[in-house]
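First comes the structure, then the notes that go with it.
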Amino acid sequence: MRTVIFSALLAIGFAAPGHAAGLSPEQAKAREIFARVIAFKTEVGQGQVPVMAKYLADEFKAAGFTAEDIHILPLRETASLVVRYRGDGRSHKKPILWMAHMDVVTAKPEDWQRDPFTLIEENGYFYGRGTQDIKSGVALIATNFLRLKREHFVPHRDLVIVFSGDEETEMATIEDLVKNHRDLVDAEFAMNSDGGGGTLGEDGKPKIYGLQTAEKTYASFEVTVRNPGGHSSLPRADNAIYELADALKKIQAYRFPVMWSETTLAYLKASGAATPGPVGEAMQRFAANPHDEAAAEVLNATPAEVGKTRTTCIPTLLRGGHAENALPQSATATINCRIFPGVAVADVGKTLAGLVGDKVEVKVIGSPASSDASPLRADVMAAVTREVHAMHPGVQIVPVQDSGASDGLYLRAAGIPTYGVSGMFIKDSDSFLHGLNERVPVRGYYDEMDYWYRLMKDLGGH
352 MRTVIFSALL AIGFAAPGHA AGLSPEQAKA REIFARVIAF KTEVGQGQVP VMAKYLADEF
412 KAAGFTAEDI HILPLRETAS LVVRYRGDGR SHKKPILWMA HMDVVTAKPE DWQRDPFTLI
472 EENGYFYGRG TQDIKSGVAL IATNFLRLKR EHFVPHRDLV IVFSGDEETE MATIEDLVKN
532 HRDLVDAEFA MNSDGGGGTL GEDGKPKIYG LQTAEKTYAS FEVTVRNPGG HSSLPRADNA
592 IYELADALKK IQAYRFPVMW SETTLAYLKA SGAATPGPVG EAMQRFAANP HDEAAAEVLN
652 ATPAEVGKTR TTCIPTLLRG GHAENALPQS ATATINCRIF PGVAVADVGK TLAGLVGDKV
712 EVKVIGSPAS SDASPLRADV MAAVTREVHA MHPGVQIVPV QDSGASDGLY LRAAGIPTYG
772 VSGMFIKDSD SFLHGLNERV PVRGYYDEMD YWYRLMKDLG GH
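Under this note's numbering, the first residue of the sequence shown carries the number 352, and numbering increases by one thereafter.
Below is the structure:
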C-alpha cells in the first residue's frame, strides 16, 4: 500500500521549487528526470531502488528502446538497471558502459535545512540528497540516451547503461552483474559518472580536471585479543584490552612502503605545479623522483595526499569486555585499510598479522575486491580532453587515483578498464556529498548534460 501511495504521489507530480523558465527541451527533460529520481528515497532499507529503476525503464520504453534491451535485475531489496543502445557494429568493437548508481547515503530530514528528497533550486544551486553523489549522473546519462534515440543517432558500437543499486553499502549489485550477467555488461571499457570531475576555484574559475583511472581497495580487518578473563578484583598483566592497545600502537607506528604508478606520478606533477608551498614542492619532487624520501615524508604528513603514495590502515571501531566487574575475555578493533592498486588484500592482512604477533587474531571482514589501475587509453584521454575543453578551454586534464572506492573497482577487477569522468565542475567549499545540504551548481548541471551528450557521440561514433 505504501508503494501504491508513493507512486500515486509521483503521478500527481511535484514541481521542484525555483524557476525552470527559459530551458531548452533537453534541459527541461534533464531537470524533470533529476527531480523525479531525487524524490525516490533510495537509502538502504527503504526498498525504493527497484521503484526508481522501473520509472527509468518506463522512460526508455516510451522512447523506443525494446523490452529485450531493458533489464531490471532484482537483488534482495535492491536492483540494478541495464539498458542497451544498439549500434550498427561498424567499428567491430565491444560496447562502452556508462555508469552511475541509484542508491544514496541515508539523509535525516530533521537535520537538513531543506527536504533532502525534493529537488530545490535556490541561489544558483540544486539541493537534495544525491545531487552530487550521484543521481545527477543517473539523470544526465538517462537524458542523453533518450535524446540520442530521439535524434536517431546510430553509434558504431553498442552503448550500455549500467545503474547499480547499492554502491553506498554492499556493492552487491555490481558484483552480481559482473559474475552472473557478464553478457549484459561485457565491454571494452566503462565511463563512470561516479568519479573524476573538475575543481573550481573560490572565484568560480576552473582550476583542474581529474580523470580517475584508479581506486584504492577498501578492506577492513578485525584484530582480536582473547583471554580467559576473571574477576576484576584480581587483575593480571595479560589483560585483553591492554594487549589490544599494544597491538594498535604497533600498527600506528608502521608505514606501508611508498608506491607509485603512471597515474599517481602524472597527478602529483600536475597538481604540484598548482599547489603552493612545501606540499606543492614535495609533490613535484616526488613526481620527478619517487625515491625522494624527504618528499615522501611531506606527503605522508598531508592527509589529502598520503593515500596517493602508499597503503594506509587505521583503527576505526573498538569493542571489548563484557561486564563492568570482569576482566575482558576479548577485545577487538576494526582496522580500515585503503590499499594501493595492485596490492593483494591477503598481503596486507599478513603484514598486520606480522606486526601484532601470534597471540593476536587478524581476520579480513567480508570478501573485499581489489583491482589494478586502468591504462591511460589514448582514445579516452583524447575524447575527455576535447569535451572538457568545450566547457572550459585549456583547463588541465590530470589522471587521478581515488582513495575511496566505487563500482568501478569491480569492473576493473573483471578486466574492464574503467574511467571516472564526471563532467561536473564544483568548488571544494560547495562539495557536501554524504553530508548535509548536498548540492551542485545549476550551471554545472546543464554544462554536464552537454558534456555527456558530446562524449557519447564522440566515443560512440568511432
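Don't be surprised by glycine CBs; every beta carbon is placed ideally from N, CA and C.
Output the distance between the C-alpha atoms of residue i and residue j, rounded to the nearest integer angstrom.
i: Tyr-770; j: Asp-517; result: 19 Å
i: Leu-762; j: Gly-580; result: 46 Å
i: Lys-444; j: Arg-508; result: 6 Å
i: Ala-541; j: Ala-734; result: 13 Å
i: Ala-359; j: Asp-723; result: Residue confidence is low: Ala-359 scores 35 on pLDDT, short of 50, so the model does not pin down where it sits. No coordinate-derived value is stated.
i: Ile-777; j: Leu-810; result: 25 Å
i: Gly-488; j: Ala-381; result: 11 Å
i: Leu-585; j: Asp-597; result: 21 Å
i: Lys-808; j: Glu-502; result: 12 Å
i: Pro-557; j: Pro-376; result: 27 Å
i: Thr-333; j: Thr-550; result: Examination of residue 333 is not possible in this model, given that the chain is present from 352 through 813 alone.
i: Val-699; j: Thr-653; result: 22 Å
i: Lys-620; j: Asp-589; result: 50 Å
i: Ala-704; j: Lys-710; result: 9 Å
i: Asn-676; j: His-642; result: 53 Å
i: Ala-729; j: Asp-753; result: 20 Å
i: Arg-441; j: Gly-812; result: 9 Å
i: Asp-545; j: His-673; result: 42 Å
i: Ser-431; j: Val-536; result: 11 Å
i: Pro-750; j: Ala-418; result: 38 Å
i: Asn-687; j: Ile-602; result: 12 Å
Going by C-alpha to C-alpha distance, which of the options sits closest to residue i?
i: Glu-539; options: Glu-738, Leu-424, Ser-725; result: Ser-725
i: Ser-515; options: Trp-449, Asn-495, Ile-602; result: Trp-449
i: His-452; options: Glu-521, Gly-561, Met-800; result: Glu-521
i: Arg-533; options: Val-513, Glu-738, Leu-551, Gly-548; result: Val-513
i: Leu-595; options: Val-609, Arg-606, Asn-578; result: Asn-578
i: Glu-469; options: Pro-750, Ser-375, Glu-566, Phe-385; result: Rather than Glu, the amino acid found at residue 469 in this sequence is Thr. Comparing Cα positions, the closest option is Phe-385.
i: Thr-667; options: Arg-661, Leu-678, Ala-674, Ala-684; result: Ala-684
i: Leu-424; options: Ala-565, Asp-454, Pro-401, Thr-660; result: Pro-401
i: Leu-706; options: Lys-600, Arg-480, Tyr-569; result: Lys-600
i: Val-434; options: Val-455, Ala-408, Lys-459, Ile-665; result: Ala-408
i: Phe-691; options: Trp-611, Ile-447, Asp-709, Thr-702; result: Trp-611
i: Ala-570; options: Ser-544, Arg-689, Val-456; result: Arg-689
i: Ile-471; options: Gly-717, Ile-389, Lys-459; result: Ile-389
To which residues of the same chain is residue i closer than 8 Å at the C-beta, ignoring the five residues directly before and after it?
i: Arg-794; result: Gly-475
i: Ser-780; result: Glu-553
i: Asp-439; result: Val-505, Pro-506, His-507
i: Asn-901; result: No answer is possible for residue 901: it lies beyond the span of the chain, which begins at 352 and ends at 813.
i: Phe-783; result: Gln-483, Glu-789, Arg-790
Please list, in chain order, all residues of the same chain as residue i whose beta carbon is under 7 Å from its beta carbon, the five residues on each side excluded.
i: Ala-646; result: Ala-633, Arg-636, Phe-637
i: Ala-765; result: Val-529
i: Gln-399; result: Phe-391, Lys-392, Thr-393
i: Arg-427; result: none
i: Ala-824; result: Nothing about residue 824 can be read from this structure; the chain reaches only from 352 to 813.
i: Glu-573; result: Thr-683, Thr-685, Lys-714, Ile-716
i: Thr-457; result: Glu-394, Val-395
Whose C-beta lies closer than 6 Å to the C-beta of residue i among residues of the same chain, with five residues either side of it excluded?
i: Gly-547; result: Gly-561, Leu-562, Gln-563, Gly-771, Val-772, Ser-773
i: Met-800; result: Ala-381, Leu-491
i: Gly-797; result: Looking at the sequence itself, residue 797 is Tyr, so the reference to Gly does not match. Answer for Tyr-797: Gln-378, listed in chain order.
i: Asn-651; result: Val-657
i: Ile-525; result: Ser-515, Asp-758, Tyr-761
i: Ile-363; result: Bear in mind that the predicted position of Ile-363 carries a pLDDT of just 32, short of 50, making it unreliable; the figure below should be weighed with that in mind. Excluding residues within five positions, none has a Cβ falling inside 6 Å.
i: Ala-899; result: Any property of residue 899 remains undetermined from this structure, which presents the chain solely from 352 to 813.
i: Ala-720; result: Leu-760, Tyr-761, Ala-764
Looking at the C-beta of residue i, does it have a partner C-beta in chain B at a distance below 8 Å?
i: Ile-421; result: Considering every chain present, this structure includes no chain B. It has just one protein chain.
Are three or more beta carbon pairs between the segment 464-477 and the segment 781-793 nearer than 8 Å?
Flag = yes, the segment 464-477 and the segment 781-793 touch.
Can you list the beta strand (DSSP E) stretches of 3 or more residues lying completely in the segment 421-459, in chain order?
Whole beta strand (DSSP E) segments, 3+ residues: 421-426, 429-436, 447-452.
Cβ contact (3+ pairs, closer than 8 Å) linking the segment 732-748 and the segment 599-615:
Judged by Cβ distances under 8 Å, the segment 732-748 makes no contact with the segment 599-615, as fewer than three pairs qualify.
Whole alpha helix (DSSP H) elements within the segment 601-683, 4-residue minimum
Within the segment 601-683, the complete alpha helix (DSSP H) runs of at least 4 residues are 613-625, 628-639, 644-651, 654-657.
To test your reading of the DSSP string, which unbroken beta strand (DSSP E) runs of 3 or more residues are found completely within the segment 567-598?
If we require 3 residues or more, the beta strand (DSSP E) runs fully inside the segment 567-598 come out as 568-577.
Enumerated in chain order, which unbroken segments of the alpha helix (DSSP H) with a length of 4 residues or greater are wholly contained in the segment 724-799?
Runs of the alpha helix (DSSP H) inside the segment 724-799: 729-742, 759-764.
Quick check on the DSSP output: what are the complete alpha helix (DSSP H) runs of length 4 or more inside the segment 457-511, in order along the chain?
Here the runs fully enclosed are 486-501.
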